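Reminder that position 22 of the sequence shown reads as 22 in full-length UniProt numbering, one-by-one numbering, no gaps.
Backbone N, C-alpha and C define an ideal beta-carbon position, used for all residues, glycine too.
Every value quoted in this text rests on a predicted model; they were computed, and no experiment measured them.
Have a look at the structure below, then the notes.
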Amino acid sequence: MERAHGQFAALKTLADDQIAVPSEKHADLVRIAHSLSGAGGTFGFPEVSRCAFELETALTAPDGRDQVAIQQHLARLIAELESALA
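This is the structure we're talking about:
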């Protein structure tokens, strides 16, 4: 849970930075999404896991970086984390 709080703060910072995920932050966002995808399922937060997986999938899609989809998935993940960590 402690790590999730740190990851939550990092996600909020990335989401607040700008509409498009800065290229230098892309790898960080993929790493956090991947970590939360596994941890959410392991610790009984399936919606966090699902949202994190969807974000990771959008970030690593072969068709490029669809910033609209990434921002939508990021917002959903942040909302789920807010609920889970409350």
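{"Query": "Where ALA86 falls: helix, strand or coil (DSSP)", "Result": "coil"}
{"Query": "Best match in HIS73, ALA79, THR13, ARG31 for proximity to LEU55 [C-alpha to C-alpha]", "Result": "HIS73"}
{"Query": "Same chain only: Cβ atoms within 8 Å of ALA75, ignoring 5 sequence neighbours per side", "Result": "ALA15"}
{"Query": "C-beta contact flag for ASP11 and VAL30 at 7 Å", "Result": "It should be pointed out that residue 11 corresponds to Leu in this sequence rather than to Asp. It is not a contact, given that the beta carbons lie outside the stated cut-off."}
{"Query": "CB of SER37 within 7 Å of CB of ALA27, strictly", "Result": "no"}
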